[in-house]
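Chemist: Going by our numbering, the first residue of the sequence shown is number 1354, and it counts up by one from there.
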Amino acid sequence: MQKIGIALSGGGSRCIAQLGVIKFLEEKGVSFSAVSGSSGGSIVGALYAGGRTPDEILSLLKEIDFKSFLKYHLHKGSLYSVVGAEAYLRDVVGLRDFTELKIPFYCTVVNFRTGLAEYKKSGDLAKLIIASSALTPIFAPVEHKGETYIDGGFYDNLPAAALTESCDKIIGINVNPMFESLPKGFKRRLAKSLFIMLNANIREGKRLCDLYIEPKDMSRYSIFNTENFDMFFEMGYHEARVHERAIEQFRGEL
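1) Would you mind giving the Cβ-Cβ distance between Glu1592 and Val1374, rounded to the nearest angstrom? I have them listed as a contact below 8 Å.
2) So the alpha helix (DSSP H) Phe1532 belongs to, where does it begin and stop?
3) Indicate the three-state DSSP secondary structure (helix, strand or coil) for Leu1511 in the structure shown.
4) Quick check on Pro1457: buried or exposed, where buried means 16 or more other Cβ atoms within 10 Å of its Cβ?
5) Which stretch, first to last residue, makes up the alpha helix (DSSP H) that contains Lys1376?
6) From Leu1361, Arg1573, Glu1416, pick the residue whose C-alpha is nearest to that of Pro1536; which is it?
7) Could you give the distance in angstroms between the alpha-carbon of Glu1601 and the alpha-carbon of Met1550?
8) According to the Cβ coordinates, are Gly1525 and Lys1559 closer than 9 Å?
9) Note down the Cα distance separating Gly1608 from Glu1606, rounded to an integer number of angstroms.
10) Between the C-alpha atoms of Met1354 and Phe1377, what's the straight-line distance to the nearest angstrom?
11) Candidates Ile1576, Tyr1590, Ala1553, Arg1598: which alpha carbon is nearest Leu1511's?
12) State yes or no: is the C-beta of Asp1504 within less than 9 Å of the C-beta of Ser1366?
13) What is the DSSP secondary structure of Ile1524, counted as helix, strand or coil?
14) Under 9 Å, do Gly1358 and Val1383 count as touching if we go by C-beta distance?
15) Assign Ile1523 to one of two classes, buried (16 or more other C-beta atoms within 10 Å of its C-beta) or exposed (fewer than that).
16) Using the C-alpha atoms, what's the distance from Glu1453 back to Ser1362?
17) Rounded to whole angstroms, how far is the Cβ of Tyr1502 from the Cβ of Ala1484, which I believe are closer than 8 Å?
18) Rounded to whole angstroms, what is the Cα-Cα separation between Tyr1590 and Ala1370?
19) How would you write the range of the beta strand (DSSP E) that Ile1503 sits in, first residue to last?
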């Protein structure tokens, strides 16, 4: 029996679309032996590796008031700190330790000192998820065991590399499709610059994937949009259905 891994890109709230893709994959008989994730994909990945279904994860994430965790503190080198989020993940959601997960999970972080990606598979799960999502300088870096970590997406936003040794086949889901536009205004230009960077560093991960799914319409929505989770879920499910023939072919080759 071949082992299948799934690599989940970062992308903030857009990562909800990954749940819709996973739901369709499960309906087509695909099951996973390991998960990897960067940034927002690390949250989805850890919850999925913990044994929750895509629908259960959607319901859980819809209940969270994400803005309540933000505290403005420009004087400390970032715009916001994420106050209470780590404790919430650990004590309320139950993401405490990698050993409690049902299947192996690799959390992608970037070591701020070395500038290199690290794929964590043990340790303080809640803290490492926050580190993987620390989009510096918007969010503060995270200190862990004497090192400083930032968003995993800065180096590897589709961490298929973490799965190559343990899995025979890899499916990648990227929720940051490139959009053709010449943006105007500070926010739009900043967003486009960020997505250019993110798309540049998924190329190696994409090459390692045996099946790659990218919900095309996600480019229309902000990575900070927390109002349309149901729609994002459906967009992911629909995109997976578009790839139904490729999924069936993938399934037949196992």
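Glycine included, every Cβ here is placed at the ideal spot set by N, Cα and C.
Just so we're clear, the structure is a prediction, and the values are computed from it rather than from any experiment.
Modeler: Walking through what the data contain:
1) For this step, residue 1592 is matched to residue 239 along the sequence shown. For this step, residue 1374 is matched to residue 21 along the sequence shown. Confirmed, about 7 Å.
2) Taking the sequence shown and counting its residues from 1, the one referred to as residue 1532 is at position 179. Judged by DSSP secondary structure, Phe1532 falls outside any alpha helix (DSSP H); it is assigned neither H nor E.
3) Reading the sequence shown from its first residue, position 158 is the one you call residue 1511. Three-state result, Leu1511: coil.
4) For the purposes of this step, residue 1457 is taken as the residue at position 104 of the sequence shown. Answer is buried; the Cβ neighbour count reaches 16.
5) Position 23 of the sequence shown, counted from the first residue, corresponds to residue 1376. 1369-1380 is the extent of the alpha helix (DSSP H) around Lys1376.
6) The count along the sequence shown starts at 1 and reaches residue 1536 at position 183. When only C-alpha atoms are compared, the closest one is Arg1573.
7) As a working note, residue 1601 is residue 248 in the sequence shown. As a working note, residue 1550 is residue 197 in the sequence shown. Approximately 32 Å between the Cα atoms of the pair.
8) Stepping through the sequence shown from its first residue, residue 1525 is reached at position 172. Stepping through the sequence shown from its first residue, residue 1559 is reached at position 206. Their beta carbons are under 9 Å apart, which means Gly1525 touches Lys1559 by this criterion.
9) Since the first residue of the chain shown is 1354 and the last is 1607, residue 1608 is not available in this structure.
10) Counting from 1 along the sequence shown, the entry for residue 1354 is found at position 1. Counting from 1 along the sequence shown, the entry for residue 1377 is found at position 24. Note on geometry: alpha-carbon atoms of Met1354 and Phe1377 lie some 21 Å from one another.
11) Here the question's residue 1511 lines up with position 158 in the sequence shown. The shortest Cα separation from Leu1511 among Ile1576, Tyr1590, Ala1553, Arg1598 belongs to Ala1553.
12) The residue you call residue 1504 lines up with position 151 of the sequence shown. The residue you call residue 1366 lines up with position 13 of the sequence shown. Taking 9 Å as the Cβ cut-off, Asp1504 and Ser1366 do not qualify as a contacting pair.
13) For the purposes of this step, residue 1524 is taken as residue 171 along the sequence shown, with counting starting at 1. Correct three-state label for Ile1524: strand.
14) Residue numbering aside, residue 1358 sits at position 5 when the sequence shown is read from its first letter. Residue numbering aside, residue 1383 sits at position 30 when the sequence shown is read from its first letter. Not a contact, by the Cβ cut-off of 9 Å.
15) What you label residue 1523 is simply residue 170 of the sequence shown in a count that begins at 1. Flag for Ile1523 reads buried.
16) Position 9 of the sequence shown, counted from the start, is the residue given in the question as residue 1362. Position 100 of the sequence shown, counted from the start, is the residue given in the question as residue 1453. Their backbone Cα atoms lie some 23 Å apart in a straight line.
17) Taking the first residue of the sequence shown as position 1, residue 1502 is located at position 149. Taking the first residue of the sequence shown as position 1, residue 1484 is located at position 131. The Cβ separation is near 4 Å, so the contact holds.
18) What you label residue 1590 is simply residue 237 of the sequence shown in a count that begins at 1. What you label residue 1370 is simply residue 17 of the sequence shown in a count that begins at 1. Cα to Cα, the separation comes out at about 7 Å.
19) For the purposes of this step, residue 1503 is taken as residue 150 along the sequence shown, with counting starting at 1. It spans 1500-1504 - the beta strand (DSSP E) in which Ile1503 sits, taken as one unbroken run.
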